[in-house]
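S.K.: Numbering (my numbering), first residue to last: 1 to 450. Note that CB positions come from ideal geometry on N, CA and C, so glycine has one too. Can you keep this structure in mind? I'll have questions shortly.
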């Protein structure tokens with residue numbers, strides 16, 4: 001009996017120890033689960049903050065376009081004033097943690113600067129502040145680290161971690177977006193129209209615009225240098241220069257003017273009003289009378305499908321270059337690693353079959369449908385050589401953004417009048433080797449770099 005009583009005492013002790021171990025294990029498991037809950041809450045909030053800050057940076061970067069490139073109309077201070085509230089607004093569309101709206105302080109959490117891509121280090125070199133304007137970069141920071149704040153940037157409250165002495169978690173995330181020029185397209189390019197414009201004439205339009213911005217009048221004295229920016233010596237139907245038969249002096253015709261106003265509707269469209277100058281010059285890009293062009297060709301260029309019938313040109317006016325066009329261009333050797341790249345050392349020579357007497361009807365119809373819209377045309381440079389059979393070789397050098405302002409293709413005096421216009425194209429490829437310059441007109445999609 002003595003042995004039996006001892007056995008009972010031992011078993012009782014073992015049972016108590018087992019119960020204690022079970023309770024301790026349960027408490028540890030509860031603590032682990034509790035901490036896992038809070039860790040998951042922290043990670044989810046971090047992800048939500050990142051989504052919010054990415055959207056805020058991209059939204060703020062859209063306002064940078066008004067301060068860079070050929071169409072800069074705002075000072076750095078004005079760009080900041082426009083971009084800060086936009087970034088704050090878009091951050092507020094996103095929840096995070098226990099908040100329905102993410103919060104950014106417009107002064108503290110939105111910064112501006114200039115970024116360039118370092119091709120050696122393969123990293124972005126970023127410089128901040130007004131000393132590095134015009135801005136092509138905006139950085140937004142979203143915080144949950146301001147103890148005692150009621151603005152929406154207070155630390156994230158925790159639930160179970162309080163049991164081990166942690167009641168909140170501080171965190172901050174940021175995102176940086178940049179605006180870059182475009183130098184190519186891949187897969188498709190629905191904004192490209194099948195017209196090439198001579199580089200010297202494009203440069204002349206830019207120079208005329210710079211002069212017009214300062215003086216606000218069209219020059220009238222043929223003996224002044226600026227007159228040559230707005231008036232060009234007239235050519236006859238054979239492309240020969242025209243002189244006055246009595247005086248022997250050159251006969252000029254105006255080809256750069258300010259006859260139309262464009263009131264933007266969205267990023268690519270505008271309402272056009274005739275006889276209403278708006279400060280932006282127009283130029284007639286068609287027909288271009290050059291002795292180096294084959295008969296009947298006035299700048300139309302075959303990109304993609306080799307058919308340059310009026311109906312095919314109309315399709316590209318409306319819809320740009322399709323995937324099948326890119327396949328054809330690849331077979332023709334016009335692409336670089338599958339992309340249509342222009343600029344730098346990459347000059348593409350494109351063949352264009354020049355049919356005499358191209359019907360203006362379908363072309364007119366196509367341009368009428370995109371009146372007021374922004375498009376991309378290609379710029380070519382000399383030498384331009386016409387060959388037998390009506391073939392023209394265009395050496396293409398860059399892309400240019402234009403807005404279609406006036407079309408008249410079914411009369412003897414044909415016109416396609418365009419303005420320079422900024423164009424941010426979702427199909428475009430960023431030119432990482434260049435910077436946004438005073439003459440940039442075509443921009444790549446906004447990029448997140450950090």
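(1) What are the boundary residues of the alpha helix (DSSP H) that residue 200 is part of?
(2) Short check: CB of residue 187 to CB of residue 427, under 9 Å?
(3) Counting only runs of 3+ residues fully inside the region 89-147, write out the beta strand (DSSP E) ranges in chain order.
(4) Following the continuous alpha helix (DSSP H) through residue 330, name the residue where it begins and the one where it ends.
(5) Tell me the DSSP secondary structure of residue 317 in three-state form.
(6) For residue 368 and residue 277, I'd like the C-alpha separation in whole angstroms.
(7) Is there contact here, the region 152-171 with the region 191-198, by at least three beta-carbon pairs under 8 Å?
(8) In this structure, how does DSSP classify residue 255 when only helix, strand and coil are distinguished?
(9) Which same chain residues end up closer than 6 Å to residue 42 when comparing Cβ atoms and leaving out the 5 residues on each side of it in sequence?
(10) Around the C-beta of residue 240, are 16 or more other C-beta atoms found within 10 angstroms, so that it is buried, or is it exposed?
(11) Give the straight-line distance between the Cα atoms of residue 456 and residue 70, rounded to the nearest whole angstrom.
(12) Given residue 425, which residues of its chain have a CB within under 6 Å of its CB, disregarding the five upstream and five downstream residues?
(13) Can the beta-carbon of residue 398 be found closer than 9 Å to that of residue 136?
(14) Taking all protein chains shown into account, do 16 or more other C-beta atoms lie within 10 angstroms of the C-beta of residue 101, making it buried, or fewer, making it exposed?
(15) Assuming residue 231 is part of the beta strand (DSSP E), what are its boundary residues?
(16) Taking 6 Å as the limit between beta carbons, can you name the residues of its chain near residue 340, skipping five residues before and five after?
(17) Can you give the Cα-Cα distance for residue 355 and residue 345, rounded to whole angstroms?
(18) For residue 150, does the three-state DSSP call read helix, strand or coil?
(19) Helix, strand or coil: how does DSSP classify residue 403 here?
(20) Residue 229 to residue 285, Cα distance in whole Å?
(21) What's the gap between the Cα of residue 122 and the Cα of residue 171?
(22) Residue 270: which of 312, 216, 404, 99 sits nearest, CA to CA?
M.R.: In brief:
(1) To locate residue 200, count along the chain shown from 1; it is residue 200. Looking at the DSSP string, the run of the alpha helix (DSSP H) that includes residue 200 is 199-215.
(2) Indexing the chain shown from 1 puts residue 187 at position 187. Indexing the chain shown from 1 puts residue 427 at position 427. Contact flag set, yes.
(3) 110-118, 123-128, 137-144
(4) Looking up residue 330 in the chain shown gives position 330. Where residue 330 is concerned, the enclosing alpha helix (DSSP H) stretches over 323-331.
(5) Residue 317 sits at position 317 when you count from the first residue of the chain shown. Helix, per DSSP.
(6) The residue labelled residue 368 in the question sits at position 368 within the chain shown. The residue labelled residue 277 in the question sits at position 277 within the chain shown. The alpha-carbon atoms of residue 368 and residue 277 are separated by roughly 20 Å.
(7) no
(8) The residue you call residue 255 lines up with position 255 of the chain shown. It is coil, neither helix nor strand.
(9) Residue 42 sits at position 42 when you count from the first residue of the chain shown. Excluding residues within five positions, the ones whose Cβ falls inside 6 Å are 169.
(10) Residue mapping note: residue 240 aligns to position 240 of the chain shown, counting from 1. That one is exposed.
(11) The structure shown does not extend to residue 456, since the chain spans only 1 to 450, so no value can be given for it.
(12) Looking up residue 425 in the chain shown gives position 425. Only 191 meet the Cβ criterion.
(13) Position 398 of the chain shown, counting from 1, holds the residue named residue 398. Position 136 of the chain shown, counting from 1, holds the residue named residue 136. Cβ atoms of residue 398 and residue 136: not closer than 9 Å.
(14) Looking up residue 101 in the chain shown gives position 101. Counting Cβ neighbours within 10 Å, residue 101 comes out exposed, since fewer than 16 surround it.
(15) Within the chain shown, residue 231 is the residue found at index 231, counting from 1. Here the beta strand (DSSP E) through residue 231 covers 231-233.
(16) Walking along the chain shown from the start, residue 340 turns up at place 340. If we look at residue 340 and ignore the five residues flanking it on each side, its Cβ neighbours are 184, 185.
(17) The sequence position of residue 355 within the chain shown is 355, counting from 1. The sequence position of residue 345 within the chain shown is 345, counting from 1. Annotation note: pLDDT 49 at residue 355 (below 50); position unreliable, coordinate value reported separately. Going from the Cα of residue 355 to the Cα of residue 345 covers about 31 Å.
(18) Looking up residue 150 in the chain shown gives position 150. In the structure shown, residue 150 sits in coil (DSSP, three-state: anything other than H, G, I, E or B).
(19) Taking the chain shown and counting its residues from 1, the one referred to as residue 403 is at position 403. Residue state, collapsed to three classes: strand.
(20) The residue you call residue 229 lines up with position 229 of the chain shown. The residue you call residue 285 lines up with position 285 of the chain shown. The straight-line gap from Cα to Cα measures roughly 15 Å.
(21) If you number the chain shown from 1, residue 122 lands on position 122. If you number the chain shown from 1, residue 171 lands on position 171. Their Cα atoms are separated by approximately 28 Å.
(22) Translated into the one-based positions of the chain shown, residue 270 becomes position 270. Answer by Cα proximity: 404.
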